[in-house]
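Student: Each step along the sequence shown adds one to the number in the working numbering, with nothing skipped, and position 146 is 563. Backbone N, C-alpha and C fix where the C-beta goes; we use that ideal spot for every residue, glycine too.
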Amino acid sequence: MRILQSHKDAAPFKTKAFPFYDELCVVFGKDRATGKDAENVADAAEEIIREASNDIFEENINNTESMAYVDVENDGSSKKKRKRSSDDIGEAIKEAACAIAKEMKDSSTRLSGAMIDKEINERQMGVNQELIRTTLLDMFERHKAILLITHDIRTLNAFTNVGDEEKDAWVRALLDGHL
Numbered sequence: 418m419r420i421l422q423s424h425k426d427a428a429p430f431k432t433k434a435f436p437f438y439d440e441l442c443v444v445f446g447k448d449r450a451t452g453k454d455a456e457n458v459a460d461a462a463e464e465i466i467r468e469a470s471n472d473i474f475e476e477n478i479n480n481t482e483s484m485a486y487v488d489v490e491n492d493g494s495s496k497k498k499r500k501r502s503s504d505d506i507g508e509a510i511k512e513a514a515c516a517i518a519k520e521m522k523d524s525s526t527r528l529s530g531a532m533i534d535k536e537i538n539e540r541q542m543g544v545n546q547e548l549i550r551t552t553l554l555d556m557f558e559r560h561k562a563i564l565l566i567t568h569d570i571r572t573l574n575a576f577t578n579v580g581d582e583e584k585d586a587w588v589r590a591l592l593d594g595h596l
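1. Drop a sphere of 10 angstroms on the beta-carbon of Leu548, count the other beta-carbons inside from all chains shown, and report buried for 16 or more, exposed for fewer.
2. Select from Asn545, Asp460 and Asp454 the residue whose C-alpha is nearest the C-alpha of Met521.
3. Can you tell me whether Ala428 is helix, strand or coil according to DSSP?
4. Can you say whether Ala462 is buried or exposed, counting buried as having 16 or more other CB atoms within 10 angstroms of its CB?
5. Are Ile570 and Val544 touching if we call contact CB-CB under 7 Å?
6. By the 10 Å Cβ neighbour count, where 16 or more other Cβ atoms means buried, how is Phe576 classified, buried or exposed?
7. Of the choices Phe557, Glu536, Leu554 and His595, whose alpha-carbon is the least far from that of Leu573?
8. Quick check on DSSP: helix, strand or coil for Phe576?
9. Which residues in the same chain have their Cβ closer than 6 Å to the Cβ of Ala599, if we skip the five residues on either side of it in sequence?
10. Tell me the rounded alpha-carbon separation between Leu591 and Leu564.
11. Quick one: Cα of Asp593 to Cα of Asp454, how far?
12. Which residue from Ala562, Ala427, Asp581 and Glu582 puts its Cα closest to that of Leu596?
13. For Phe435, name the three-state secondary structure that DSSP assigns.
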């Protein structure tokens, strides 16, 4: 209640459900760090890759310094050749970590985009009912207003943020080309 006293414009949200709350809980869970050292999924993935790369680099240096040599016989002559270390395994782990991090980032971006698209679609679908409720437009004016309002996100946002008592005048100004 203190928040409503200090932020009076937040009162309409007291009775509205938070959109996509359940979906966001699935993605983000209940617990989140919020301090200066908090990091998102992409940051965490980059840190894991960076640490793995450093570990692999240090391991490769250590392996190179202590690498054993094996005699390989060809045509009766003796030649020395290096043994393969765990370079291939380390490189495979690094590539897999990079691929996982990229896929996580892409999936997060696609999920965010889908959630935004769904919200915009729901807002667009509600414009007709909102116009019926708050204006005195006839059917043709209302249909033209719907096309103008839902044409781009800026106009939809402006319409959504106009108070109910001002919507009729705002929509008429939009129809008359004054906005």
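Tutor: Looking at the coordinates:
1. Buried, by the Cβ-count rule.
2. Residue Asp460 is the option with its Cα nearest to Met521.
3. The three-state reading of DSSP puts Ala428 in helix, counting H, G and I together.
4. Counting the other CB atoms within 10 Å of its CB gives Ala462 a total of 16 or more, which places it among the buried residues.
5. 7 Å or more divides the Cβ of Ile570 from the Cβ of Val544.
6. Answer is buried; the Cβ neighbour count reaches 16.
7. Measuring from the Cα of Leu573, the nearest candidate turns out to be Glu536.
8. DSSP places Phe576 in helix when its eight states are reduced to three.
9. No information on residue 599 is available, as it lies outside the stretch 418 to 596 that the chain covers here.
10. Each residue's Cα considered, the two are about 11 Å apart.
11. Looking at the two C-alpha atoms, the distance is approximately 52 Å.
12. The residue from Ala562, Ala427, Asp581 and Glu582 with its alpha-carbon nearest to that of Leu596 is Ala562.
13. In the three-state scheme derived from DSSP, where H, G and I count as helix and E and B as strand, Phe435 is classed as coil.
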